[in-house]
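Taking the working numbering, the leading residue of the sequence shown gets 704, the next gets one more, and so forth. One structure is given below, encoded as C-alpha cells.
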Amino acid sequence: VEKNGFINFLVIWNKEVLIIKFLNTISVEKFREILNTIPKLELGIENIGLKNSLGRIIGNDIISPINVPHFRKSRMDGFAVRAEDTFGAEEDNLIPLKLKEVIEAGDIPQRIIRKGECAYVATGAAIPDGSNAVVMIEYSDKRENDEILISKAVSPGTHIIEKGHDIKKEEIVCKKGKKIDLPTLGVL
Numbered sequence: 704v705e706k707n708g709f710i711n712f713l714v715i716w717n718k719e720v721l722i723i724k725f726l727n728t729i730s731v732e733k734f735r736e737i738l739n740t741i742p743k744l745e746l747g748i749e750n751i752g753l754k755n756s757l758g759r760i761i762g763n764d765i766i767s768p769i770n771v772p773h774f775r776k777s778r779m780d781g782f783a784v785r786a787e788d789t790f791g792a793e794e795d796n797l798i799p800l801k802l803k804e805v806i807e808a809g810d811i812p813q814r815i816i817r818k819g820e821c822a823y824v825a826t827g828a829a830i831p832d833g834s835n836a837v838v839m840i841e842y843s844d845k846r847e848n849d850e851i852l853i854s855k856a857v858s859p860g861t862h863i864i865e866k867g868h869d870i871k872k873e874e875i876v877c878k879k880g881k882k883i884d885l886p887t888l889g890v891l
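Below, the structure is given as C-alpha cells:
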C-alpha cells in the first residue's frame, strides 16, 4: 500500500506485526533538479585566536612551519654513542667509552661525540652531533675516570627519535573542513 510517498509492507515476525517502509526511487536527473533548488551557503573565513577556536571549522589547510621534534632525541635513558664503537660488545667483551657530557631533557648538547666517546642522555634529551645510536643504561657500567663499559652492541638509529618523527616541516597537520576538537587544538 502506498501512503505519503512510502510503500508499506506488513511483516509478521515472531507473533508481532512490523511495518517496513521503503522509499520510492527517483531518477538521478530528478535528484539533481531537487539539489539545484537548494540555496548555496557561502561561508567566509575569519582569523581567530586559538582560545576561541574550539568547535570551529578549519578554513584552510594548516601546514607545519617546523619539524616536531625539531631535534634528534633519545627514546630512553642511556648513552649516546657512535654505533660502530659498540660492535662486538657483549657481557664477556665489554667495550670502554669515555663519558664526555651529561645531557638531561631540555639541555643543549655542547660536545661532538668522537670515536671512543659517549654522552649520557636522559629520555627525551637531545642527541649530540657525532652520535648515531643510544645504548640503554641497563647495558652499561660506570667505572672510575668517567669510563663507561658497554655490554651490548647497537646499530645506527637504535633508540633515537629523528627530527620530524611526529610532524614534518611543510606537512599538512590539519585539513580544511575539520572541526577543531581538543586533540586538534593541542597540535595547533
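Even glycine gets a Cβ: it sits at the ideal position worked out from N, Cα and C.
Give the C-beta separation of residue i and residue j to the nearest angstrom, bearing in mind that I take them to be a contact with Cβ-Cβ under 8 Å.
i, j, result
"residue 818", "residue 850", "About 15 Å; that fails the 8 Å criterion."
"residue 863", "residue 778", "7 Å"
"residue 803", "residue 820", "5 Å"
"residue 738", "residue 883", "Contact doesn't hold; Cβ gap of about 29 Å is too wide."
"residue 825", "residue 814", "With 8 Å as the limit, residue 825 and residue 814 do not qualify as a contact, their Cβ atoms being about 16 Å apart."
"residue 792", "residue 837", "The pair is not a contact, with the Cβ atoms about 14 Å apart (cut-off 8 Å)."
Starting from residue i, trace the beta strand (DSSP E) in both directions and tell me its first and last residue.
i, result
"residue 731", "First-last for residue 731: 731-739, but that is the alpha helix (DSSP H), not the beta strand (DSSP E)."
"residue 890", "Element bounds for residue 890: not the beta strand (DSSP E) but the alpha helix (DSSP H), 885-890."
"residue 782", "781-784"
"residue 799", "798-806"
"residue 865", "Note, residue 865: premise wrong, no beta strand (DSSP E); not H, not E."
"residue 844", "843-845"
"residue 837", "836-839"
"residue 853", "850-853"
"residue 822", "820-824"
Could you tell me if residue i is buried or exposed, where buried requires 16 or more neighbouring beta carbons within 10 angstroms of its beta carbon?
i, result
"residue 874", "exposed"
"residue 858", "exposed"
"residue 775", "buried"
"residue 834", "buried"
"residue 730", "exposed"
"residue 647", "Nothing can be reported for residue 647: it is not among the residues displayed for the chain, which extend from 704 to 891."
"residue 710", "Residue confidence for residue 710 is low, a pLDDT of 47 falling below 50, so the modelled location carries little weight; the figure read from the coordinates is stated next. Exposed, because fewer than 16 other Cβ atoms sit within 10 Å of the Cβ of residue 710."
Compute the Euclidean distance between the alpha carbons of residue i and residue j, then round it to the nearest angstrom.
i, j, result
"residue 746", "residue 781", "53 Å"
"residue 740", "residue 733", "11 Å"
"residue 705", "residue 728", "Confidence is the limiting factor: at residue 705 the pLDDT is only 48, short of 50, which leaves the residue's position unreliable, though a coordinate-based value still follows. Rounded to whole angstroms, residue 705 to residue 728 spans 13 Å at the Cα level."
"residue 752", "residue 769", "20 Å"
"residue 795", "residue 860", "24 Å"
"residue 755", "residue 809", "30 Å"
"residue 856", "residue 889", "38 Å"
"residue 870", "residue 766", "10 Å"
"residue 735", "residue 744", "17 Å"
"residue 805", "residue 773", "20 Å"
"residue 748", "residue 880", "11 Å"
"residue 771", "residue 789", "29 Å"
"residue 712", "residue 876", "With a pLDDT of 49 at residue 712, under the threshold of 50, the modelled position of this residue cannot be trusted; read the value that follows with caution. C-alpha separation (whole angstroms): 50 Å."
"residue 872", "residue 887", "17 Å"
"residue 878", "residue 867", "19 Å"
"residue 852", "residue 787", "15 Å"
How about the segment 822-837 and the segment 749-767: do they share at least three Cβ pairs that are nearer than 8 Å? No, because fewer than three Cβ pairs between the segment 822-837 and the segment 749-767 fall closer than 8 Å, the two stretches do not touch.
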